[in-house]
Each structure stands twice: as C-alpha cells, then as structure tokens.
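Asker:
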Amino acid sequence: MQQGKIVILTGAGISAESGLGTFRDAGGLWSQVRIEDVATPEAFARDPARVHDFYNGRRAQAASAEPNPAHHALARLQARHPGGVVIVTQNVDNLHERAGAEVLHMHGELAAALCARCDHRWPAPEEMGADTPCPACGAPAARPDVVWFGEMPYRMEEIAGHLQDAALFVAIGTSGQVYPAAGFVEEARLCGAETLELNLDASDVSRAFDRHAVGKASEIVPAWVEEVLGGA
Ligand code: APR
9 MQQGKIVILT GAGISAESGL GTFRDAGGLW SQVRIEDVAT PEAFARDPAR VHDFYNGRRA
69 QAASAEPNPA HHALARLQAR HPGGVVIVTQ NVDNLHERAG AEVLHMHGEL AAALCARCDH
129 RWPAPEEMGA DTPCPACGAP AARPDVVWFG EMPYRMEEIA GHLQDAALFV AIGTSGQVYP
189 AAGFVEEARL CGAETLELNL DASDVSRAFD RHAVGKASEI VPAWVEEVLG GA
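Per my numbering: the sequence shown = residues 9 to 240.
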C-alpha cells in the first residue's frame, strides 16, 4: 500500500464515460456555448435567465448520470486508506459522492444554490430562475453555487495544505488548461511528491508528471487503484 498521503485531482474526463460532456474535447461544452455568455459573473448580471437555463440543463444531465468504474475505484481506495486519500475535483457533478467518496469541490456544485445577496447556501431546486427566492433573506437572488471564470475557487488553503503533505499527486481526466488546478502538479513536486497523470490523451501539463497511464478512466483508474491496493 502506498505510504503517505495521496492527493487526487479529477477533471471532466473522469465523468465523460458517465455521459457528461467535457469542456474542451471535440464537441465539448465550450464549443457549444461561449464561456462569456454563461460562465462569468458579468454573464449572470447581463442575462441571469440564460445562465440559469444553462445550469438547469447541466443539473438535469448530472442527476440522470451514474458514477462509472473510475468513481467507484477512487471511493474504494479512499475507504481502504482512511484520511490518506484526498480527492479534489474541478467537476460540479456529484458522481464522486454518489460512488461513496468524500471530495473537495474547488469549482462548486450543481446541486447547490447560493444567494448572491446574503451568501446563504441551500440544495438547488431542479429548475432555478432569476426569481427563485433565497430561503434565508427572501431576495430573488439565487445563483448556481459554481465558481465562474474570474471568481476565486473554493477551499484553496485546505488544498494547498494537502499538496504540501502529498507523497503522491495524481491528476485524472483534466486538460491542465485552467489554473489554479493546472498548477497543483508543480506545487506537489516542489514538496517532494511523486506525480502520475491518468488521461485519455496528453494534457497541457503532461511534461510535469513523472509517470503517465493513457486510456479511458473507467479502465485505467480501477487498474491503478488495484495496483496501489496491491491486488488485496
Ligand atoms: N478518460 C480519461 N480522460 C478523458 C476521457 C476519458 N474517457 N475523456 C476525456 N478525457 C480527458 C481529455 O483528454 C482532457 O484532458 O479529460 C480532459 C478534459 O479536459 P477539459 O474538457 O478541459 O476538462 P477539465 O480539465 O476538467 O476543465 C477544467 O475548466 O471550464 C473549466 O470549470 C471548468 O472545471 C472545468 C475546468
């Protein structure tokens, strides 16, 4: 069994085989809609209904998706190594949780709503709109609790602490194009961690990794977990 803390960063690629689109692969989300129209605070201020429609659609898709063998394998690894496996995800779906894993959502969650007026958080209704009232202050100021471009990702101090303690840093299904997540591998290396990238393809930061496994997450993640668990 791997000694020391394992810190795992996941991206859209781990949920691709659950039927949830990635962002930058062929036909990806950002080739269908513009980030500037649906994923910035300015877009929400300009046309909240458009932004709510975009996230309502993604929330419905995520609700009908199922965790795949990669999500289940990470949950198994975490259960066998209590406190020793930290999963940080850029994804806003809840497939890690539904596979039984604990995860840090650095880009927020589709399943959560946030009041733009009083910062209250609550479970997102299936259909959220510009007139959805905040249960705490009553203002019609509900927004998806996801981190938009130009906003600070969540839990960054906590994540930095985990990267400092990491003996092994693993990136799964992320293109390495969006910071600060894309910089985690360098942070981990500087603190002496070994680094491993699991991806269908090369990423923008592949050269920073000591080891690589190439293939579909639903195949290479369970294989890697079995290797770490020593087939036990
Ligand atoms: N198995 C493994 N990897 C896969 C698979 C698969 N089946 N399918 C795609 N991938 C890989 C691609 O090779 C790519 O490296 O997943 C990655 C998807 O990259 P992106 O679409 O850029 O997704 P991600 O890296 O998670 O994006 C980061 O950008 O738009 C923002 O907030 C958004 O969290 C997102 C962030």
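Where a beta carbon is used, it is the ideal one built from N, C-alpha and C, also for glycine.
1) Alpha carbons only, please: which of Val193, Ala132, Ala190 is nearest the one belonging to Val100?
2) Counting C-beta neighbours from all protein chains within 10 Å, is the total for Arg54 16 or more, i.e. buried, or is it exposed?
3) Contact between the stretch 160-167 and the stretch 176-184: three or more CB pairs below 8 Å?
4) What does the Cβ neighbour count give for Asp153, buried or exposed, with the cut at 16 atoms within 10 Å?
5) What's the C-alpha gap between Glu195 and Asp139?
6) Which residues, in chain order, sit with a beta-carbon under 6 Å away from any heavy atom of the ligand APR?
7) By the DSSP assignment, the alpha helix (DSSP H) with Asn64 in it spans what residues?
8) Does the Cβ of Ala68 have 16 or more other Cβ atoms within 10 Å, making it buried, or fewer, making it exposed?
9) Three or more C-beta pairs closer than 8 Å, one from the stretch 77-92 and one from the stretch 155-162: is that the case here?
10) Can you give the Cα-Cα distance for Val193 and Ala70, rounded to whole angstroms?
11) Do you know whose CA, among Phe217, Ala201, Asp45, Thr18, lies nearest Gln11's CA?
12) Could you tell me whether the stretch 13-24 touches the stretch 74-89, where touching means 3 or more Cβ pairs closer than 8 Å?
13) Output the boundary residues of the alpha helix (DSSP H) element that contains Arg84.
14) In terms of alpha-carbon separation, which member of Val213, Ala147, Pro230 lies closest to Cys205?
15) Arg106 bridges to which residues according to DSSP?
16) Output the distance between the C-alpha atoms of Gln185 and Arg32, rounded to the nearest integer angstrom.
17) Can you look up Val15 in the DSSP assignment and give me helix, strand or coil?
18) Where are the beta strand (DSSP E) runs, 3 residues long or more, that stay fully inside the stretch 149-205, in chain order?
19) Measuring only from the beta carbon, is Gln86 closer than 7 Å to any heavy atom that is part of the ligand GTP?
20) Kindly list the residues whose CB is nearer than 8 Å to the CB of Cys199, restricted to its own chain and excluding five residues on each side of it in sequence; keep chain order.
Answerer: This is what the structure holds:
1) One-based indexing of the sequence shown puts residue 100 at position 92. Nearest C-alpha to Val100: Ala132.
2) As a working note, residue 54 is residue 46 in the sequence shown. By the neighbour-count rule (16 or more Cβ atoms within 10 Å), Arg54 is not buried but exposed.
3) Taking 8 Å as the limit for Cβ pairs, the verdict is that the stretch 176-184 does not touch the stretch 160-167.
4) As a first step, residue 153 is located in the sequence shown; it is residue number 145 there, counting from the start. By the beta-carbon neighbour count (other beta carbons within 10 angstroms, threshold 16), Asp153 is buried.
5) Here residue 195 refers to the residue found at position 187 when the sequence shown is read from its first residue. Here residue 139 refers to the residue found at position 131 when the sequence shown is read from its first residue. Distance between the alpha carbons of Glu195 and Asp139: 42 Å.
6) Ordered along the chain, the selected set is Gly19, Ala20, Gly21, Ala24, Glu25, Thr30, Phe31, Arg32, Asp33, Gly36, Gln98, His115, Gly181, Thr182, Ser183, Gln185, Val186, Asn207, Leu208, Asp209, Ser211, Lys224, Ala225.
7) The residue given as residue 64 occupies position 56 in the sequence shown. Per DSSP, the unbroken alpha helix (DSSP H) holding Asn64 starts and ends at 56-72.
8) The count along the sequence shown starts at 1 and reaches residue 68 at position 60. Classification of Ala68: exposed, given that the 10 Å Cβ count is below 16.
9) The stretch 77-92 vs the stretch 155-162: no contact.
10) For the purposes of this step, residue 193 is taken as the residue at position 185 of the sequence shown. For the purposes of this step, residue 70 is taken as the residue at position 62 of the sequence shown. Roughly 28 Å between the two C-alpha positions.
11) As a first step, residue 11 is located in the sequence shown; it is residue number 3 there, counting from the start. With distances taken between Cα atoms, Gln11 lies closest to Ala201.
12) Yes, the stretch 13-24 touches the stretch 74-89.
13) Within the sequence shown, the letter at position 76 stands for residue 84. 77-88 is the span of the alpha helix (DSSP H), which, as asked, contains Arg84.
14) Translated into the one-based positions of the sequence shown, residue 205 becomes position 197. Going by the sequence as given, residue 205 is Glu instead of Cys. The residue with the shortest Cα to Cα distance from Glu205 is Val213.
15) Counting from one through the sequence shown, the residue named residue 106 turns up at place 98. Under DSSP, no beta-bridge partner is assigned to Arg106.
16) Sequence index remark: in the sequence shown, residue 185 carries index 177 (1-based). Sequence index remark: in the sequence shown, residue 32 carries index 24 (1-based). In a straight line, the C-alpha of Gln185 is about 9 Å away from that of Arg32.
17) In the sequence shown, residue 15 corresponds to position 7, counting from 1. Strand.
18) Unbroken beta strand (DSSP E) runs of no fewer than 3 residues, entirely contained in the stretch 149-205, are found at 150-154, 174-180, following chain order.
19) Although the ligand GTP was asked about, the structure shown includes only the ligand APR as ligands.
20) Looking up residue 199 in the sequence shown gives position 191. So the list reads Leu171, Gln172, Asp173, Ala174, once near-sequence residues are dropped.
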